[in-house]
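Enquirer: The structure follows.
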Amino acid sequence: YAHHAPHQLSGGQKQRVAIAGILAMGPECIIFDESTAMLDPRGREEIMETIRHLNRVEQKTIVLITHYMEEAALADRVVVIHDGTIRLDGKPEEVFRHQNE
Numbered sequence: 082y083a084h085h086a087p088h089q090l091s092g093g094q095k096q097r098v099a100i101a102g103i104l105a106m107g108p109e110c111i112i113f114d115e116s117t118a119m120l121d122p123r124g125r126e127e128i129m130e131t132i133r134h135l136n137r138v139e140q141k142t143i144v145l146i147t148h149y150m151e152e153a154a155l156a157d158r159v160v161v162i163h164d165g166t167i168r169l170d171g172k173p174e175e176v177f178r179h180q181n182e
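Taken in order, the sequence shown gives residues 82 to 182; the numbers are from the numbering used here.
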């Protein structure tokens with residue numbers, strides 16, 4: 082992406098550049114706050130694949146903040162917060178089983 086002006090990059094490309102900048106700092110934990118919002122389905126999948134790689138291969142701790150349940154379902158642990166209060170906390174299958182409570 083070095084040969085493109087920032088305004089010429091797609092949303093997914095901009096996200097990957099941002100991720101590369103964070104990785105250059107060598108963090109052990111990375112917080113992704115709505116990192117796939119406003120991306121098309123392909124861009125969302127590409128970013129999620131990058132996040133999975135960082136967690137599984139690079140052994141980075143990932144905190145993923147999302148409104149997309151299919152993304153939350155990929156996590157080891159899901160915490161549902163409503164009005165600043167933790168409502169549910171557990172493995173995805175446990176949380177989704179009780180999501181209507």
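Using N, Cα and C, we set each Cβ at its ideal position, and we do this for glycine too.
Tell me which residue opens and which closes the alpha helix (DSSP H) that Leu104 is part of.
Expert: 92–104
Enquirer: What residues in its chain sit with their C-beta under 7 Å from that of Glu109, if we drop five residues either side in the sequence?
Expert: Lys141, Thr142
Enquirer: Taking 9 Å as the cut-off, decide whether the C-beta atoms of Leu135 and Leu155 are in contact.
Expert: No. Outside cutoff.
Enquirer: Could you check what DSSP says for Thr142 in three-state terms: helix, strand or coil?
Expert: The DSSP-derived three-state label of Thr142 is strand.
Enquirer: Taking just the CA atoms, how far does Arg97 sit from Tyr51?
Expert: Lying outside 82 to 182, the shown extent of the chain, residue 51 is not represented and no answer is given.
Enquirer: By Cβ distance, which residues of its chain are closer than 6 Å to Arg125, with the 5 residues on each side in sequence left out?
Expert: For Arg125, where only same-chain residues beyond five positions count, the Cβ hits under 6 Å are Thr117.
Enquirer: In this structure, what does DSSP give as the bridge partners for Phe177?
Expert: DSSP output for Phe177 lists no bridge partner at all.
Enquirer: Let me check one thing: in DSSP terms, what residues is Gly171 bridge-paired to?
Expert: Val159
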